[in-house]
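In our numbering, the protein residues as written are 11 to 1200.
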């Protein structure tokens, strides 16, 4: 390299790095004295550079300026006043006040004013915006300010696609057939297409970057595509003219980087492969192009240099080519500016392109910069990935919002060029969606891909969607790794769009906590009591050894029949522990969470409970509804997680016959599939019952369990009093006949389900003795409640009469409407022939855990209203679980003082309905009628007399119609006929007439609405469709709330409180609540501040009360089929329909524009437009409601 310093007679040879230092030190003298140089190009140093751009390219320019000792000047729009690029510059100035966001950066007069007023020597245009506008280059020239780029003439020539083509032809560079000039109407476009045939490509005549570009393959699409492309070009470049050319099938997109100086020297810096494209926008770039034949490379670079020299090109530019499968290449265009992907060229050549641009603008020549073609050699391979705020799962829709979390991937061989990539940054819909460019450099393509893969996996971006999952799929594709991609790569590899969704658990949990702090509990609290501030003590268990063998081992080894034989052969009394389900259903409204169940499960497995218990009841019944609706957790996950921690004890559940675990009848295939999935998830024993003891419903459930491989425990729901000869409807003979049918149907175990605690000790002895005599080989299992206080006595009577198994709850969760006390029964039988084998010490430890844990559920505590058991249950016959629920409901309805009336009315309602079996859902029918009577102050007689004119609760009407089966003894007449009048009746088993549910179709619908769902999710939705929709939405929004401690889950943390959340094994979050903002944002949000693992985090939560006073645009509700939401944030530029229009599925409804991309929103359904919630020009957020279609 030759540099002539003032005062020197002979050239001094300097190394490039030394030359830089000399230039820096010599800058003042060089500015004062003209330099004598052989090229006769005047050297004029640049002291200040304004970048007429924004974002990462502006920062890239400023960094180059800083390294060269040059003052940097930024311009910014009103929307960019908080953007990073203005902070990276030495000075920054507002432009375009009052203008639309993009127009601010296209305002040449104002940018030039800023440059003149602030003594700017040169302007760097970056890329996009004004970078290829010759009038901007000319404005700089006219103002005496250097334009860091080609001359205005060359910018105009290369920016004009027609002139550029002619220049290529003149330079004997191969071209693709195309229009001779810009096309401005769709009629001209149609004429070209008719003449040359399809496919063709429309390209913006006055800009690039993929904007205003469309490929057309069908004649009927020409007009629409032209309008969309032209509109995009108009928005991006200020001119909607199009250039049309023949579309080359299966090409590679390869571009050559060139540098030219003012002395006419031009070099190439080799090529880049930009074939990985989406919508003609580059996604991943590689340098050099892999597997490119050396002869093709040499010829292509030679043509690029020749074209540049022929037009007098100076500064940086790119000559773009399409290369077909035979190695033929065709000139596309010249980008007379720096490219987004210039970084990969810098990495493989070691040449700083931006500094080179500035040096050339100063007057340095390429030889003086040490750039001779023979000395420029590529080293290794570099890859650039453009990380954008686009959602690849939604066709790359731009996403906007606040970046809540940002953590980048770094390390050896990784370079990051970004601008908006930091926590708290706001991604607006006004500009390009680029977040950060990640560049990897290594010795070969595979090694470079591995570095890039590792870096992208280190990224954590929360608050906005990114294309990182898609980029990772590209990097792991074998065709990409082999370097054999073309521009069809993305279109032909649909597997690139198969993503494992990011769970984003930590941020979602913070959103949940913030929501509870701002808006109160997400689970309605039944009382004013607060959860205790306590961490229950969990008894220790041995580590590193397997738990002792238990009855589940018997079941797994011998099957259901062998299991039943083992029960009969057992000498002592066996126990089923209901603490994990029915006990807390009765005492705590089923609100106990998986979190607390899992904590104690290992103790049950390892203590004397594990080998001694026949089973634990932990599932079914109300568990499903409450888990999904109120606890916001998956019941299937509860079952599977408990199974892992409690492997030696059989699990037992309640199955409501043909009602499965719901409150209505389901198609038969749903019940069968439910049982199949339950067994696969770890369930063992199914207590099958029917709320009316209706045999057809019972037998269907039994058959479903048997076919699934479960243990069938057919249950007879008990009511009345077999010891009272005056109670003749449900006498001993009734139960014996029913037991005969169930044994005949193949039950493994026979159960008496005394859901109200009506089985007195004498009646227990009579019933169990009779059943034992009748069925000597069938195990007998007794379930009762302790509402009257006689439960332990009744169970002892059952045991002495020949029962094999009885249900108990641990002491602190027993009594009242729960089951009798485990400890009391264990102690009563110690040392006898019926000894349970449980260690009373272990029972005590187990009870202590639940005594503490129960205080966490104080808001649902039945003891708030129920202070003791009550023998009046023998009169009103209210089931245990329902007793506490009715009491809560009575208080919530303002009938707390009338609960005695409710109990009295319950008895009357039962008799009105024909003295029926009362268990869910039939018990709900009686309860609803009882409360209806109390609220309306009706006696039983008045109800009968006015039955034809009263509006009864829905459950009562459906019961009388026969929707839950036929009660023993039939329906009460004429009461039934009076209530139903002309309403239809159901004959026979209700579910028999229901069509099979298409579970595959349901899964498709759920996947479309909520993304990836499991077969168990589908089953939950089949049972509880509306509840599940809400649960899936909640799960997506708030994540694994089941991992939170119960107090935190229910009422949220206190300000200043520190706590931990273990989201999975080995991953624990440390959270501290810092503060909540008093002021609202314009959208009605409050900012809540946390520390997460020592880092500051904040979330914005809509204040539901405050929002009522603000006008906030409504959101589309996913579960409402006809509501159409905005698929991306943006502006409404066209509305294609009006209220009352009939539309077909797929019809164009609205055109949105965001980040310079236009999108046509299509109708998801066929129907009539009921309402429009938008106007033209309106700015929208994602999911804002556009319209409703019926």
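The beta-carbon is built from N, C-alpha and C at its ideal position, and this holds for glycine as well. Owing to the predicted nature of the structure, the values given are computational and were not obtained by experimental measurement.
Let me know if residue i comes out buried or exposed under the rule of 16 or more other beta-carbons within 10 Å of its beta-carbon.
i	result
residue 265	buried
residue 485	buried
residue 477	buried
residue 1176	exposed
residue 489	exposed
residue 919	buried
residue 841	exposed
residue 33	The predicted position of residue 33 is uncertain, since its pLDDT is 39 and thus under 50; a value taken from the coordinates is nonetheless stated next. Buried: at least 16 other Cβ atoms inside 10 Å.
residue 889	buried
residue 399	buried
residue 1106	exposed
residue 1080	exposed
residue 893	buried
In terms of DSSP beta bridges, what is residue i paired with?
i	result
residue 1106	1101
residue 708	For residue 708, which the question treats as bridged, DSSP gives no partner whatsoever.
residue 408	400
residue 252	193, 214
residue 629	663
residue 325	270
residue 339	333
Starting from residue i, trace the alpha helix (DSSP H) in both directions and tell me its first and last residue.
i	result
residue 856	850-864
residue 237	232-247
residue 366	363-372
residue 227	Counting along the chain, residue 227 falls outside any alpha helix (DSSP H), and DSSP gives it neither H nor E.
Which first and last residues belong to the beta strand (DSSP E) in which residue i is found?
i	result
residue 1198	1195-1199
residue 285	276-288
residue 6	This structure leaves residue 6 out entirely; the chain is present only between 11 and 1200.
residue 791	790-793
residue 428	424-428
residue 262	262-270
What residues in its chain sit with their C-beta under 6 Å from that of residue i, if we drop five residues either side in the sequence?
i	result
residue 557	615, 616, 620, 658
residue 1154	1176
residue 325	159, 160, 367, 370
residue 588	627, 817, 819, 829
residue 546	859, 862, 863
residue 207	none
residue 525	1111
residue 592	627
residue 535	869
residue 720	689, 696
residue 417	470
Given residue i, which residues of its chain have a CB within under 8 Å of its CB, disregarding the five upstream and five downstream residues?
i	result
residue 382	277, 376
residue 118	140, 143, 145, 146, 149
residue 153	122, 125, 126
Leaving out five residues before and five after residue i in sequence, what residues of the same chain have Cβ atoms less than 7 Å from its Cβ?
i	result
residue 1187	1141, 1142
residue 1016	1023, 1027, 1028, 1031
residue 985	922, 954, 957
Indicate, with yes or no, if the ligand ADP has a heavy atom lying under 8 Å from the CB of residue i.
i	result
residue 165	Here there are no bound small molecules, and the ligand ADP is not part of this structure.
Report yes or no: is there a C-beta of chain B within less than 9 Å of the C-beta of residue i?
i	result
residue 1049	Judged by its chain identifiers, the structure shown contains no chain B, having just a single protein chain.
request  = Indicate whether the contact test is met: 3 or more Cβ pairs, each with one atom in the segment 149-169 and one in the segment 293-308, closer than 8 Å.
outcome  = no
inquiry  = Does the segment 341-350 come into contact with the segment 190-203, if we say contact requires no fewer than three beta-carbon pairs (one atom in each stretch) closer than 8 Å?
reply    = In short, these stretches do not touch, since the Cβ pair count stays below three.
message = Would the segment 288-295 count as touching the segment 219-227 if we require 3 or more Cβ pairs under 8 Å?
response = yes
inquiry  = With three or more C-beta pairs closer than 8 Å as the rule, is the segment 988-999 touching the segment 964-980?
reply    = At 8 Å Cβ cutoff, the stretches touch.
ask   = Can you find at least 3 beta carbon pairs, one from the segment 409-423 and one from the segment 1032-1044, that sit closer than 8 Å?
value = no
query = Using 8 Å as the Cβ pair cut-off and three pairs as the minimum, do the segment 950-968 and the segment 1025-1034 touch?
reply = no
Any 3 or more C-beta pairs closer than 8 Å across the segment 345-360 and the segment 247-256 = no
message = Does the structure place the segment 637-649 close enough to the segment 1051-1058 that three or more beta carbon pairs sit under 8 Å?
response = Yes, the segment 1051-1058 is in contact with the segment 637-649.
request  = Evaluate the contact criterion for the segment 755-774 versus the segment 922-939: three or more CB pairs, one atom per stretch, below 8 Å.
outcome  = yes
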